[in-house]
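Numbering (this note's numbering), first residue to last: 306 to 424. The structure appears right after this line, and notes come after that.
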């Protein structure tokens with residue numbers, strides 16, 4: 306059975322929103338609502354994170370909160386940011402928002418992913 310990871314940012318997509326998010330996490334990181342964004346991106350994807358997702362054995366998909374409805378994932382709208390694991394057509398939370406919000410770096414996120422998927 307095919308499995309994939311789905312990361313859902315607690316942010317809106319688009320260039321303007323990305324710019325506003327960058328300003329917010331730079332000027333007021335303690336009030337920024339998407340720690341997943343904060344630990345994986347500066348003005349672009351962090352190198353170690355980018356390399357990890359390119360080489361990981363499972364497919365990885367990235368969504369924003371505005372993508373939830375069209376992907377039939379509205380059930381997770383109060384769980385953001387999070388990482389889901391999808392098996393067939395069923396998704397469940399692999400890494401919840403509380404766990405993501407305690408992470409301090411992409412290294413910690415990578416280690417947590419490896420632990421959760423038993424790599």
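Heads up, the beta-carbon is just placed ideally off N, CA and C, and yes, glycines get one too.
Taking the Cβ atom as the reference point for each residue, do residue i and residue j lie within a distance shorter than 8 Å?
i, j, result
"residue 311", "residue 391", "yes"
"residue 385", "residue 364", "no"
"residue 396", "residue 378", "yes"
Throw me the rounded Cβ distance for the residue i and residue j pair, which I believe falls under 8 Å.
i, j, result
"residue 314", "residue 370", "7 Å"
Quick check on the burial criterion: 16 or more other C-beta atoms within 10 angstroms. Buried or exposed for residue i?
i, result
"residue 416", "exposed"
"residue 344", "buried"
Using a Cβ-Cβ cutoff of less than 7 Å, which residues in the same chain neighbour residue i once the five nearest sequence positions on both sides are dropped?
i, result
"residue 421", "399 and 400"
"residue 308", "363, 390, 391 and 392"
"residue 361", "none"
Quick one: what's got a C-beta closer than 8 Å to residue i's C-beta in the same chain, skipping five residues either side?
i, result
"residue 412", "353"
Under the DSSP definition of a beta bridge, which residues are partnered with residue i?
i, result
"residue 311", "366 and 389"
"residue 400", "388"
"residue 395", "392"
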